[in-house]
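*Asks:*
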Amino acid sequence: MSDAQNPTFAEQVAALEHEWATDPRWAGITRDHTAADVVRLRGSVNPEATLARHGAERLWRQLHEMDYVHALGAMTGGQAIQYAKAGLPAIYLSGWQVAGDANLSGHVYPDQSLYPANSVPSVVARINNALRRADQIEWSETDGNPSRDYLLPIVADAEAGFGGPLNAFELMKQMIEAGAAGVHWEDQLSSAKKCGHMGGKVLVPTQQHITTLRAARLAADVMGVPTIVIARTDSLGANLITSDADERDREFLTGERSPEGFFYTRPGMHAPIKRALAYAPYSDLIWCETSTPDLDEARQFAEAVKAEYPDKMLAYNCSPSFNWKAHLDDSTIAKFQKELGAMGYAFQFITLAGWHALNASAFELALGYQRSDMAAYVE
Numbered sequence: 009m010s011d012a013q014n015p016t017f018a019e020q021v022a023a024l025e026h027e028w029a030t031d032p033r034w035a036g037i038t039r040d041h042t043a044a045d046v047v048r049l050r051g052s053v054n055p056e057a058t059l060a061r062h063g064a065e066r067l068w069r070q071l072h073e074m075d076y077v078h079a080l081g082a083m084t085g086g087q088a089i090q091y092a093k094a095g096l097p098a099i100y101l102s103g104w105q106v107a108g109d110a111n112l113s114g115h116v117y118p119d120q121s122l123y124p125a126n127s128v129p130s131v132v133a134r135i136n137n138a139l140r141r142a143d144q145i146e147w148s149e150t151d152g153n154p155s156r157d158y159l160l161p162i163v164a165d166a167e168a169g170f171g172g173p174l175n176a177f178e179l180m181k182q183m184i185e186a187g188a189a190g191v192h193w194e195d196q197l198s199s200a201k202k203c204g205h206m207g208g209k210v211l212v213p214t215q216q217h218i219t220t221l222r223a224a225r226l227a228a229d230v231m232g233v234p235t236i237v238i239a240r241t242d243s244l245g246a247n248l249i250t251s252d253a254d255e256r257d258r259e260f261l262t263g264e265r266s267p268e269g270f271f272y273t274r275p276g277m278h279a280p281i282k283r284a285l286a287y288a289p290y291s292d293l294i295w296c297e298t299s300t301p302d303l304d305e306a307r308q309f310a311e312a313v314k315a316e317y318p319d320k321m322l323a324y325n326c327s328p329s330f331n332w333k334a335h336l337d338d339s340t341i342a343k344f345q346k347e348l349g350a351m352g353y354a355f356q357f358i359t360l361a362g363w364h365a366l367n368a369s370a371f372e373l374a375l376g377y378q379r380s381d382m383a384a385y386v387e
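Its first residue numbered 9, the sequence shown is counted upward by one per residue in this note's numbering.
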C-alpha cells in the first residue's frame, strides 16, 4: 500500500527509471546498476541531503550557464565566507590542504592520503556550517531579501578513494551528508597515493578506476542527490601501474618492472586521452592533472575528448605548484583561464589558495609586528 509520502518499492523504481531516461541531467551518463539496486540500498526511509542537492543543482546550472566556474581552495569556514562576499561562484576543498592543517588526526601531513578518510567530509561540513550561519544572518537582517548568496557549492577532493569500491561508496555518502556538491576521484593507487606534482605516482588499471566512479555514482543515487562526479587522471605524469590486466593499458607498458612489482609505463598525452575516453560515460567532468600550465597541452586533451564526447565538460587545476612566470608571460597568464574556458574547461580552480593566503598573511603580519609592534597591526 502506498500514498504520496510513502510510494511502494515498485513506484520508487519506476520513478527513478523515468528520471534517468528523461531528465537532461543524465544525458550521456552510463550506469551499470539498476534503479531497483538503488531503491534496495536506500531502505524504507531515505533522509534528504538538502545542502548537497542545493549545491549540486546550483553547480550544474553554473557549469552550463557561465563561460567557466572558477574557484579558490578554502581551508576554513571563515575563508569560504570571504570568498562568497567577494562574489566567487563556488568553493574548492583540496586534500592537500586538509592533509597539511585541517585533518581529524591533528597532524601535519604531506599530500599522500595519510589522514583519516572522513577528514575532508568533516571540513566540508564545517565550511557549510559557516556559510549557513552567514546566510542566516543575511536573511534575518534583510527580512528575507538577501543581497548576497552565501550557500556556494563545494567541490571536494576524495583523493584515490582510500581503498576499494566499498570505501569509495562510503566516502561519497559522507561527502553528500556533509553537503558537498561535487567530488573528484583520481586513478592512482590509494595506498601509494602522491600529490599530483610528485614523482613515483602509481596508477590503477583503467577498469579499476571505472569501478570507483561507478561506486561513487551508486552512492549518490542511493542518497538521492545529483552530485557532480569528476574523474581525474594522473596518467600524464605517472610512470608506474599496478597491473597489466586491462588491455587498454598494455600499449603504454615498457615491459619492465619496478622492485615493488609495478609495471613501468611510457609518458605522453595518449594515455590520459585514452583513459579520459574510458571514464567519460561514468563522470560529469574530466580532469587531466598536468605538470605545467600549457595551453597547447590543454587544447590537445580537450579536442581529443570533445571529438568523441562533445558535451563532456572538463576541469583544470590552475595549480600553485606551477612556476607560472617561468612558463608564461604576463599577457598569457591574464588570458589563460578564458582560453581554457573556450576549450571546454568548465571548472577551473586554484587548489592551495586558502593555505597560501592563510600562511602568507600570517607571516607578513608576524614579521611586521616583530619589527614595529602595534604600528604594523594598525597599518
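All C-beta atoms in this analysis are idealised placements derived from N, C-alpha and C, irrespective of residue type, glycine included.
Keep in mind that this is a model prediction, so the values were computed, not measured.
Looking at C-alpha atoms only, which residue of His364, Leu348, Arg225, Pro318 is the closest neighbour of Pro328?
*Replies:* Closest by alpha carbon: His364.
*Asks:* Pairs of beta-carbons, one from the region 297-311 and one from the region 49-69, closer than 8 Å: are there three or more?
*Replies:* Not touching, per the Cβ criterion.
*Asks:* Among all the DSSP beta bridges, which residues are the ones paired with Glu194?
*Replies:* According to DSSP, which records beta bridges pairwise, Glu194 is partnered with Arg240.
*Asks:* Taking all protein chains shown into account, decide if Lys320 is buried (16 or more other Cβ within 10 angstroms of its Cβ) or exposed.
*Replies:* Buried, because 16 or more other Cβ atoms sit within 10 Å of the Cβ of Lys320.
*Asks:* What residue range is occupied by the uninterrupted beta strand (DSSP E) comprising Asp165?
*Replies:* Taken as a continuous stretch (DSSP letters only), the beta strand (DSSP E) holding Asp165 covers 162-165.
*Asks:* Here's the rule I'm using: 16 or more other beta-carbon atoms within 10 Å means buried, otherwise exposed. How should Glu135 be labelled?
*Replies:* The question names Glu, but residue 135 is Ile in the sequence shown. Buried.
*Asks:* Mapping DSSP to helix, strand and coil, what is Ala323?
*Replies:* Three-state DSSP puts Ala323 in a strand.
*Asks:* Please name the residue, chosen from Lys209, Asn331, Ala138, Thr220, that lies closest to Pro408 on a Cα-to-Cα basis.
*Replies:* A query on residue 408 cannot be resolved here, the shown segment of the chain reaching from 9 to 387 and no further.
*Asks:* With DSSP as the reference, label Leu373 as helix, strand or coil.
*Replies:* It is helical.
*Asks:* By the 10 Å Cβ neighbour count, where 16 or more other Cβ atoms means buried, how is Thr38 classified, buried or exposed?
*Replies:* It counts as exposed.
*Asks:* DSSP three-state call for Phe17: helix, strand or coil?
*Replies:* Of the three classes helix, strand and coil, the one that applies to Phe17 here is helix, per DSSP.
*Asks:* By DSSP's criteria, His78 is part of a beta bridge. Which residues make up the other side?
*Replies:* His78 pairs with Gln356.
*Asks:* Is the CB-CB distance between Val237 and Ala188 below 8 Å?
*Replies:* No; because the gap between Cβ atoms is not below 8 Å, this pair is not in contact.
*Asks:* State the Cα-Cα distance for the pair Ile218 and Tyr290, rounded to the nearest angstrom.
*Replies:* In a straight line, the C-alpha of Ile218 is about 7 Å away from that of Tyr290.
*Asks:* Look at the alpha carbon of Ala64 and the alpha carbon of Glu25, and state the distance between them as a whole number of angstroms.
*Replies:* Straight-line Cα distance between these residues: approximately 20 Å.
*Asks:* Roughly how many angstroms lie between the CA atoms of Ala253 and Thr241, to the nearest whole one?
*Replies:* Cα-Cα distance, rounded: 18 Å.
*Asks:* If we call anything under 8 Å between Cβ atoms a contact, is Glu297 one with Leu244?
*Replies:* Closer than 8 Å, so yes.
*Asks:* Keeping to the same chain, check which residues put their C-beta closer than 7 Å to that of Ala7; ignore five residues upstream and five downstream.
*Replies:* Residue 7 lies beyond the range of the chain shown here (9 to 387); nothing can be said about it.
*Asks:* Could you tell me which residues DSSP puts in a beta bridge with Ala223?
*Replies:* For Ala223, which the question treats as bridged, DSSP gives no partner whatsoever.
*Asks:* Any idea if Lys333 is buried or exposed, counting beta-carbon neighbours within 10 angstroms, 16 or more meaning buried?
*Replies:* It counts as exposed.
*Asks:* Which word fits Lys145, buried or exposed, when buried means at least 16 other C-beta atoms lie within 10 angstroms of its C-beta?
*Replies:* Looking at the sequence shown, residue 145 is not Lys but Ile. The residue is exposed, with fewer than 16 neighbouring Cβ atoms inside 10 Å.
*Asks:* Which two residues bound the contiguous alpha helix (DSSP H) that contains Arg50?
*Replies:* Arg50 -> alpha helix (DSSP H) spans 43-50.
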